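**Q** Oh and the sequence shown: position 115 is 117 in our numbering, straight run, nothing missing.
If you scroll down you'll find the structure; I have some questions about it.
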Amino acid sequence: MVLFVALYGACVETSVQRLGTPLNLTPVPPDEVIVYRTADQVPGKYMEVALLVSTGDTRFTTEEDMWKDMKKKAGKLGANAIILDAMSEPSAGAKVAAAVLGVSGADRKGKAIAIYILPNEEKKN
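Spelled out as structure tokens, the structure:
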């Protein structure tokens, strides 16, 4: 059971590419990282902190797992929000091949930008 939980938790992998000048921000708990679907929804000025790219096997992960991992990575960087970008699913054929033949290529992929919303700001530039 412990092995299953350890394997399941490791099914999403999120890479981080910092953007601009590295900032020394205080880490934010993942449950406090806000998710926005578009940049227009962000209520104030913000700085882009990092580009997040997640991948996970469709047999063991959900989109929600991927967003949770992104929020965790963003929070570690001190980002207090993420703006979602694209989510792509493998084709039905790739999913069948992965399930039947055990080949790779059935990975779900997602992208987001980790941001730091500046305090006391009303409008975004």
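Backbone N, C-alpha and C define an ideal beta-carbon position, used for all residues, glycine too.
All of these numbers come straight from a predicted model, not from anything done at the bench.
Give the range of the alpha helix (DSSP H) segment to which Asp67 is assigned.
**A** 65-79
**Q** If I'm right that Gly58 touches Val18 with Cβ under 8 Å, what's the distance once you round it to whole angstroms?
**A** Incorrect: roughly 16 Å between the Cβ atoms, too far for contact.
**Q** Apart from the five residues just before and just after Leu25, which ones in its own chain have a Cβ nearer than 6 Å to its Cβ?
**A** none
**Q** Is it the case that the Cβ atoms of Ala81 and Ala116 are separated by a distance below 7 Å?
**A** yes
**Q** Quick one, which of Ile84, Tyr118, Lys111, Gly77 has its alpha-carbon nearest Arg39's?
**A** Ile84
**Q** What residue range is occupied by the uninterrupted beta strand (DSSP E) comprising Gln43?
**A** Per DSSP, Gln43 belongs to no beta strand (DSSP E) and is neither H nor E.
**Q** Could you tell me the distance, in whole angstroms, from the CA atom of Ser56 to the CA atom of Tyr118?
**A** 20 Å
**Q** In terms of alpha-carbon separation, which member of Leu120, Leu21, Asn122, Pro31 lies closest to Ala52?
**A** Leu21
**Q** If you draw a straight line from the C-alpha of Gly46 to the C-alpha of Pro121, how long is it?
**A** 8 Å
**Q** Have a look at Ala114, Asp109, Lys78 and flag the residue whose alpha-carbon is nearest the alpha-carbon of Gln61.
**A** For the record, residue 61 in the displayed sequence is Arg; it is not Gln. Comparing Cα-Cα distances from Arg61 to each of Ala114, Asp109, Lys78, the minimum goes to Asp109.
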